[in-house]
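A.B. asks: Here it is, the structure, as structure tokens.
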Amino acid sequence: MPRKKSTPATKQVTISKFFASKFGRDNKQTNGTKFVTDAEADDDLEPPPLAETQSKYAASTAGIGKQETPDKKGKKRKVVPKEAKPQVSKKPRGGKKKDKSTSPKSTEQFTSLFSKSSVTCAASRESASVRLQEFALREESSRDASAQRTLWKPKHLPDVLSHDQSQEEDMSVQSGSESGDESQGVSDFTANSSIKEGKDKSKCAKTKRTSKAGPSKMEKLSAFIPVASSHFSSSFNKPKKPKFTPLEQQYLEIKEKYPDAILLVECGYKYRFFGTDAEIAAKELKIFCHPNHNFMTASIPVHRLFVHVRRLVAAGYKVGVVKQTETAALKAAGDNRNAPFTRRLTALYTKSTLIGEDILVSERNQSSSVSDFDGVSSVTEGLHPNSYLMCVYDFPSDSRSKNQQQIAMVAVDPATSDIVFDSFLDGESRQELETRISHIQPVEVLISVSPTRATDKLIQSLVAISSTADDRIRVESMEEEKFSYGQAFETVSNFYSSVNVRGLQDVLALPKPVVCCVGALITYLKDFNLQNILALTSNFHQFSSKSKYLHLPAACLRNLEIFQNATNGSEHGSLFWLLDNTVSRFGKRLLKSWVAQPLRTLSDIKARQDAVQDLCTGKTQGLKRLQESLARAPDLERGLCSIYHNKSSATEFVSVAKSLSKLCQEIHLLQTTDLTHIESTLLKQVLTEVPDLLEDVKDFADTINEKAARENKKADLFVDNGRFPEITEVKKHISDVLQEIRDHRREIRLALRQPSLDYTTVMQTEFLVEVKNTQLHTVPADWTKISSTKMVTRFHPPFVVAKYKQLNQLKEKLIVTVTDCWQKFLREFSEGFVRYRKGVQLIASLDAFMSLAKVAMQDGYCRPEVINDAVMIEVENGRHPVIDSLKREQEQYVPNSTSLNADAQRVMVVTGPNMGGKSSYIRQVALISVMTQIGSFVPATSARLGILDAIFTRMGAEDEIFKGRSTFMVELQEAAEILTAATSRSLVIMDELGRGTSTHDGVAIAYATLRHFITMTRCLTLFVTHYPLLAEFQALFPATVGNFHMAFLLYDGSSGNTSQDKNKASKDDGNMDSEDTGDEEVLTFLYQLTPGAAGKSYGLNVARLAHIPRSILDVATTMSHQLEEQINQRRQAREKFASLFHATTASNIKEVFSGNVE
1 MPRKKSTPAT KQVTISKFFA SKFGRDNKQT NGTKFVTDAE ADDDLEPPPL
51 AETQSKYAAS TAGIGKQETP DKKGKKRKVV PKEAKPQVSK KPRGGKKKDK
101 STSPKSTEQF TSLFSKSSVT CAASRESASV RLQEFALREE SSRDASAQRT
151 LWKPKHLPDV LSHDQSQEED MSVQSGSESG DESQGVSDFT ANSSIKEGKD
201 KSKCAKTKRT SKAGPSKMEK LSAFIPVASS HFSSSFNKPK KPKFTPLEQQ
251 YLEIKEKYPD AILLVECGYK YRFFGTDAEI AAKELKIFCH PNHNFMTASI
301 PVHRLFVHVR RLVAAGYKVG VVKQTETAAL KAAGDNRNAP FTRRLTALYT
351 KSTLIGEDIL VSERNQSSSV SDFDGVSSVT EGLHPNSYLM CVYDFPSDSR
401 SKNQQQIAMV AVDPATSDIV FDSFLDGESR QELETRISHI QPVEVLISVS
451 PTRATDKLIQ SLVAISSTAD DRIRVESMEE EKFSYGQAFE TVSNFYSSVN
501 VRGLQDVLAL PKPVVCCVGA LITYLKDFNL QNILALTSNF HQFSSKSKYL
551 HLPAACLRNL EIFQNATNGS EHGSLFWLLD NTVSRFGKRL LKSWVAQPLR
601 TLSDIKARQD AVQDLCTGKT QGLKRLQESL ARAPDLERGL CSIYHNKSSA
651 TEFVSVAKSL SKLCQEIHLL QTTDLTHIES TLLKQVLTEV PDLLEDVKDF
701 ADTINEKAAR ENKKADLFVD NGRFPEITEV KKHISDVLQE IRDHRREIRL
751 ALRQPSLDYT TVMQTEFLVE VKNTQLHTVP ADWTKISSTK MVTRFHPPFV
801 VAKYKQLNQL KEKLIVTVTD CWQKFLREFS EGFVRYRKGV QLIASLDAFM
851 SLAKVAMQDG YCRPEVINDA VMIEVENGRH PVIDSLKREQ EQYVPNSTSL
901 NADAQRVMVV TGPNMGGKSS YIRQVALISV MTQIGSFVPA TSARLGILDA
951 IFTRMGAEDE IFKGRSTFMV ELQEAAEILT AATSRSLVIM DELGRGTSTH
1001 DGVAIAYATL RHFITMTRCL TLFVTHYPLL AEFQALFPAT VGNFHMAFLL
1051 YDGSSGNTSQ DKNKASKDDG NMDSEDTGDE EVLTFLYQLT PGAAGKSYGL
1101 NVARLAHIPR SILDVATTMS HQLEEQINQR RQAREKFASL FHATTASNIK
1151 EVFSGNVE
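Here the sequence shown is numbered in full-length UniProt numbering, starting from 1 and rising by one per residue.
Structure, rendered in structure tokens:
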């Protein structure tokens, strides 16, 4: 009897759920097979094809030719199927007889049986409806009563079992994802073991259940599941390509283009990560990651996108944002209504390209919004006011020198449009490249995939020494051919021909290595849509303009603590920290560039000093109000660049435009009131030029509806839509549809006989007709029910349904139209970008001048006199600016004077005890020189300085393990660079050169180096040493060299006397310790520079201060006295030998031996 046909009342049950519920519950096994529940089953697998199964079965049962099947040994044998006889199953009576025939005997029966893709089950036996799962195929290996059954995962079926989309839709249940377009495939059934004949009979007999009503569930399933075909069993374990959902396919297509980026895919109200991206995001963002379909996945809310993008970028990753490019209403009305939402990559972000609407650039300076960043404020308020992307290229050269390499460098900040380039020769240590990296401080470096060993070693060492991921330089590699001159020339020509034809000649006139870097940067920035920043050729500036700026090598920046202190690497305690009193981010960036590049032109230095002096006098009364406006302004420089890149949000644009307009008004007011009191040409330039440069900004600001922009209402973004007729047209259509819906109320009132009825809105669903439940009989049958309560029911009439759908489409079309017009509006504003940027730079200079003026108004600061022709440093009562500021509240800093002149005494050999203040003094001289050429006032009673061309320092004793250099090697390489680069207008500072090796070698190297500076280089030199031999240079060059030491008081415990012409030294004074004053020498440091050389270094005093154990100090003291005595004896012996050598008469020889000869 044919099987009973399924009815809608019956429940669909999966094979896996049935076996799990009856035999495999609680992870138990039956007949050696583990059954998998629906929760464990994979949702993306496909059911077996109907056509393929029918043809295979017909070939084996209906006698269509001979079927080859493998035998147990794997050899093929020919099987001639017997003539199949149709077998009719009879309904058992009383449950005694059952139809044991489960295999169809004809193609017609098989087709009829297989087409029923569900197993019937009584509604009382199952509690819920589930999807039909995958099927297992079978083929009769024999006509025996016990058939061998093999069940397997459909994932491992051969490719011949693939099916088309139409069959998939028929045999699987589609389930929407978060965005409504991701299909969940059907779950699969997994059981990969054979049921042996004996075990099958015994175990099935125990579990078989009979029913008076008909066959059991097990027998129904047995009748449905065909036996596995031996034709397919040979390819049973072959892996099959997984079936991806439409969303996963979109992800894979985008991931193939950007394999190195972490992708965030927009899915409705979430952004989702997939695969390894999800695992990385879970680790960095501390979110949950779980398997879903073919990938691991994690998600974040849409409104938290900017937070998580910043966190991933700060960790050093490249992040891509993939957004939906169509709306639901427009998609429903389009041709692809049944297709998934289209998506594309809209933005890429790295540390140097963090520009765009997704990261809320406009709120970087807003104190109210910083708290919303959940600890990521360091990304925006971090140590890097600039976000430079530096391209470095080792240009292949024909130079015969193996120690010199031609290197090109181009650094661009896409957020501020600053571009710095240079081409130079560098040695194996890459000191020149390190200097440029230290000055520019890039957050990202672009290099070729095969840089030279020395360059790669330097970059990797700079990356490795970073303390945290936030300040670690990100390194990006690019193919070598992208850097070749031929490829770069083509790239540069094509780019500038389309954006700036006149700038093409300027770029091609640069050195060839620089052109290679520009071409590589254009290629790299195209992925971020930021390449247009390179079109502004007027922003190109060369780094090594030695005729314009004071040269400060990387070692000098580090040793003088220009930007970071040597203790923990932070900005606090550095020279820039002292000078920085700016209130704006763009003002801080400008001041930092001034500190990094002090001036060498006398007129420029004096112009800055004049501006600072004018601000110190207090003649401009309106500056305080202007400074308050600056403090509330966003980062205008970055905001302008964001607008220039067409990546600005409406909120950011309003903030930037309104702030520019307000500052323009404030400066215009200053121009009318205080211009006559100002003498500085730089301040006059700011007050006169800024209003003209920013005069039309107010017109653009007034075009935008500020309230709509802050509430993100794009439909009402523009105050006047007259300049955008397309917006007016769409709004007119919306108005017409709304009027039609309102007019339709008359017909609704007549139909319901309610003259005062009006539309209601519930849960953002508009135009609802609310009818009391007692009057539902008056509602027409074609109305659509939307919702209901105990009292009323809400409907949409057919006319409203159609018009409401049209209205939603028009509203979404309006958003698209406004977005397009917004892009046009930004491009129109960007036409004045160069002009606006110049105005912002003038405002930044005013902020920097006010910062320097605040420093100059401190007690003890003076305006230094700058002399153009002379090379000299004459400072009276100078102080270390940073130490003086840090100790001002606790103790007074001891001032010291300095006198160096190229025509007189130009070398100072400084000696003295350890911790006596030698290093602080030489740093003080260098910092005062730097501050003078910046244009700042200096901490001294008076100062007269010439213009230097460079400052070189060799200080400290640290190795560089990452560069493979020992302490002594670092000393010598830095000394070699100084010997090569120093000129007669340079200031050279050497601190204890030669201490990294033996005494004899160290003295020899220090002696030869100092002699070279005195006789050959003839530069201003401060040479700190503990070697007494170097003090002899004063006798050799009395007009050029002077010996100095840091004064101290020496308390001799054995005699109770104090040296340095002091009658008494208190035991409680200075560094003296009452427990250590027995027979020991105790020092009190005076920190005063005094003429003459120190006789000893008194290192044991420092050991005492460091709390070295007393027993060790006693042994060290004894050994020190013994060594000193031996040296004195040798000196006396040499002196006597010299006297004997020069003796000419017997009387002279007798005089020599008349002394005490030992």
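Cβ atoms here follow ideal geometry from the backbone N, Cα and C, with glycine treated the same way.
Who are Ile419's beta bridge partners in DSSP?
C.D. replies: Ile419 pairs with Val412, Phe540.
A.B. asks: Just mark Ala1138 as buried or exposed, buried being the case when its beta carbon has 16 or more other beta carbons within 10 Å.
C.D. replies: Classification of Ala1138: exposed, given that the 10 Å Cβ count is below 16.
A.B. asks: By Cβ distance below 7 Å, which residues in the same chain neighbour Glu740 in space, the five residues on each side in sequence not counted?
C.D. replies: Lys803, listed in sequence order.
A.B. asks: Relative to the C-alpha of Thr582, which candidate in Lys546, Ser545, Leu630, Ile562 has its C-alpha closest?
C.D. replies: When only C-alpha atoms are compared, the closest one is Leu630.
A.B. asks: Can you tell me where the alpha helix (DSSP H) with Leu807 in it begins and where it stops?
C.D. replies: That run of the alpha helix (DSSP H) goes 798-830.
A.B. asks: Closer than 8 Å is the cut-off here; do at least three beta carbon pairs connect the segment 571-589 with the segment 520-527?
C.D. replies: The segment 571-589 is not in contact with the segment 520-527.
A.B. asks: In whole angstroms, give me the CA-to-CA distance for Glu363 and Glu637.
C.D. replies: Reliability fails at Glu363, whose pLDDT of 41 lies under 50, so the model's placement of it is uncertain and the value that follows must be treated cautiously. Spanning the two alpha carbons is a distance of roughly 13 Å.
A.B. asks: So which of Asp413, His308, Arg863, Ser1120 has the shortest CA-CA distance to Ser929?
C.D. replies: Answer by Cα proximity: Arg863.
A.B. asks: List the endpoints of the continuous alpha helix (DSSP H) containing Thr523.
C.D. replies: 512-526 is the span of the alpha helix (DSSP H), which, as asked, contains Thr523.
A.B. asks: For Cys821, which residues from the same chain have a beta carbon less than 8 Å from its beta carbon, with the 5 sequence-adjacent residues on both sides left out?
C.D. replies: Within the same chain, Cys821 has close Cβ partners Phe718, Phe724, Glu726, Ile727.
A.B. asks: Using the Cα positions of Val1102 and Cys556, report the straight-line distance between them to the nearest angstrom.
C.D. replies: Whole-angstrom Cα-Cα distance: 27 Å.
A.B. asks: Would you mind working out which of Met1046, Ile1112, Tyr258, Leu979 sits nearest Ser920, comparing C-alpha positions?
C.D. replies: Residue Met1046 is the option with its Cα nearest to Ser920.
A.B. asks: Kindly indicate the opening and closing residues of the beta strand (DSSP E) around Ser788.
C.D. replies: That run of the beta strand (DSSP E) goes 784-788.
A.B. asks: Select from Ala1094, Thr617, Leu683 the residue whose C-alpha is nearest the C-alpha of Leu842.
C.D. replies: Out of Ala1094, Thr617, Leu683, Leu683 has the C-alpha closest to the C-alpha of Leu842.
A.B. asks: Going by Cα to Cα distance, which pick from Met955, Asn539, Asn914 is closest to Phe1085?
C.D. replies: Ranking the options by Cα distance to Phe1085, first place goes to Asn914.
A.B. asks: Counting Cβ pairs closer than 8 Å, one from the segment 699-714 and one from the segment 855-873, do we hit at least three?
C.D. replies: Touching, no, given that fewer than three Cβ pairs across the two stretches are closer than 8 Å.
A.B. asks: Please report the Cβ distance between Leu345 and Ile280, rounded to the nearest whole angstrom; I am assuming they are in contact, meaning their Cβ atoms lie under 8 Å.
C.D. replies: So it is not a contact: roughly 18 Å between Cβ atoms.
A.B. asks: Assuming Cys664 is part of the alpha helix (DSSP H), what are its boundary residues?
C.D. replies: Taken as a continuous stretch (DSSP letters only), the alpha helix (DSSP H) holding Cys664 covers 650-673.
A.B. asks: Suppose the cutoff is 6 Å on Cβ atoms and the five residues either side in sequence are ignored; what does the same chain contact list for Met791 look like?
C.D. replies: Excluding sequence neighbours, Met791 sits near nothing in its chain.
A.B. asks: Which parts of the segment 532-617 are runs of the alpha helix (DSSP H), unbroken and 4 residues or longer, counting only runs that do not cross its ends?
C.D. replies: Entirely contained in the segment 532-617, the alpha helix (DSSP H) runs reaching 4 residues are, in chain order, 554-559, 575-579, 585-596, 602-617.
A.B. asks: With DSSP as the reference, please indicate the residues paired to Asp394 in a beta bridge.
C.D. replies: The partner list for Asp394 (beta bridge, DSSP) reads Ile407.
A.B. asks: Where do the ends of the beta strand (DSSP E) carrying Asp991 lie?
C.D. replies: Here the beta strand (DSSP E) through Asp991 covers 986-991.
A.B. asks: Is Arg608 close to chain C? Criterion is C-beta to C-beta, closer than 7 Å.
C.D. replies: In the structure shown, chain C cannot be found, because there is only a single protein chain.
A.B. asks: What is the DSSP secondary structure of Val909, reduced to helix, strand or coil?
C.D. replies: In this structure, Val909 counts as strand in the three-state DSSP scheme.
A.B. asks: Identify the continuous beta strand (DSSP E) that holds Ser448 and give its terminal residues.
C.D. replies: Run containing Ser448: 444-448, per the beta strand (DSSP E) assignment.
A.B. asks: Bridge partners of Val475, per DSSP?
C.D. replies: DSSP, once it has assigned bridges, lists Val445 as partnering Val475.
A.B. asks: Helix, strand or coil for Leu383 per DSSP?
C.D. replies: Low confidence applies to Leu383: its pLDDT is 38, below 50, so where it sits in the model is not reliable, and the reading given next is rough at best. It is coil, neither helix nor strand.
A.B. asks: Ordered along the chain, which non-local residues of its own chain (more than five positions away) have a Cβ less than 8 Å from that of Val515?
C.D. replies: Correct list, in chain order: Tyr485, Ala488, Phe489, Val492, Val507, Leu508.
A.B. asks: Quick one, are the C-beta atoms of Leu264 and Tyr258 less than 7 Å apart?
C.D. replies: Against a cut-off of 7 Å, the Cβ pair of Tyr258 and Leu264 comes out as no contact.
A.B. asks: For Val501, count neighbouring C-beta atoms within 10 Å of its own C-beta (all shown protein chains included) and say buried if the count is 16 or more, exposed if not.
C.D. replies: By the neighbour-count rule (16 or more Cβ atoms within 10 Å), Val501 is not buried but exposed.
A.B. asks: On the DSSP bridge list, what partners appear for Met872?
C.D. replies: BP columns for Met872 point to Asn901.
A.B. asks: Let me confirm a value: Gly722 is counted as buried when at least 16 other C-beta atoms fall within 10 Å, else exposed. Which label applies?
C.D. replies: The residue in question, Gly722, is exposed, as its Cβ has fewer than 16 Cβ neighbours within 10 Å.
A.B. asks: Where does Pro1109 sit, in a helix, a strand or coil, going by DSSP?
C.D. replies: Of the three classes helix, strand and coil, the one that applies to Pro1109 here is coil, per DSSP.
A.B. asks: Measuring straight from C-alpha to C-alpha, what distance separates Ala278 and Thr967?
C.D. replies: About 45 Å.
A.B. asks: Taking the alpha helix (DSSP H) that Cys641 belongs to, which residues open and close that run?
C.D. replies: Cys641 -> alpha helix (DSSP H) spans 636-644.
A.B. asks: Give the list of continuous alpha helix (DSSP H) stretches no shorter than 4 residues that lie fully inside the segment 736-784.
C.D. replies: Segments of the alpha helix (DSSP H) lying fully in the segment 736-784: 745-752.
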